[in-house]
């Protein structure tokens, strides 16, 4: 999926009757239609499909509350005839250096950041940036905080 450096912003204003006004980067979207809150998912899917990239969605309710999220284009449906066979291979992942019996989590390193002078770090990422890949996978010991790079087993 192509992810632009700057995401378009979809503004959604929902009035007290549940009717939505939608714009994309300030340009009104379908101004003549009376779409309601129940149509929100379909409208966002239409916009992301048209643009072909993720967008930031900001929703403002009539009571003043706001919500924001990142929406990605819906996955294209694949015809049944071309679907892969149900047989799947699995890979075993291993790491070492943990305490006996310790719970170990599989983690994916998306980004790294240096802590500030007080030892604090804060990283904010839109969910659309998370993609599956084996590079960056680590095993994390939840008690010892041991971090081990993933070693693929044959």
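Residue numbers (UniProt numbering): 1 to 154.
Using N, Cα and C, we set each Cβ at its ideal position, and we do this for glycine too.
No experiment lies behind these values; they were computed from the predicted model shown.
Buried or exposed (CB count within 10 angstroms, at least 16 for buried), residue i
i	result
residue 139	buried
residue 145	exposed
residue 71	buried
residue 147	exposed
residue 10	buried
residue 73	buried
residue 54	buried
residue 149	exposed
Extent of the continuous beta strand (DSSP E) run through residue i
i	result
residue 148	147-149
residue 13	8-14
residue 17	Premise fails: residue 17 is in no beta strand (DSSP E) and is neither H nor E.
Among the options, the one whose alpha carbon lies nearest that of residue i
i	options	result
residue 65	9, 15, 7, 10	15
residue 98	19, 143, 119	143
residue 107	100, 94, 12	94
residue 57	19, 149, 7	7
residue 34	17, 96, 54	17
residue 62	118, 42, 103, 37	37
residue 100	141, 68, 13	141
residue 75	45, 103, 68	45
Output the residue ranges of the alpha helix (DSSP H) runs that lie fully inside the segment 37-75 and measure 4 residues or longer, sorted by chain position. 40-51
Are there three or more Cβ pairs, one per stretch, closer than 8 Å when the segment 27-36 is compared with the segment 50-59? no
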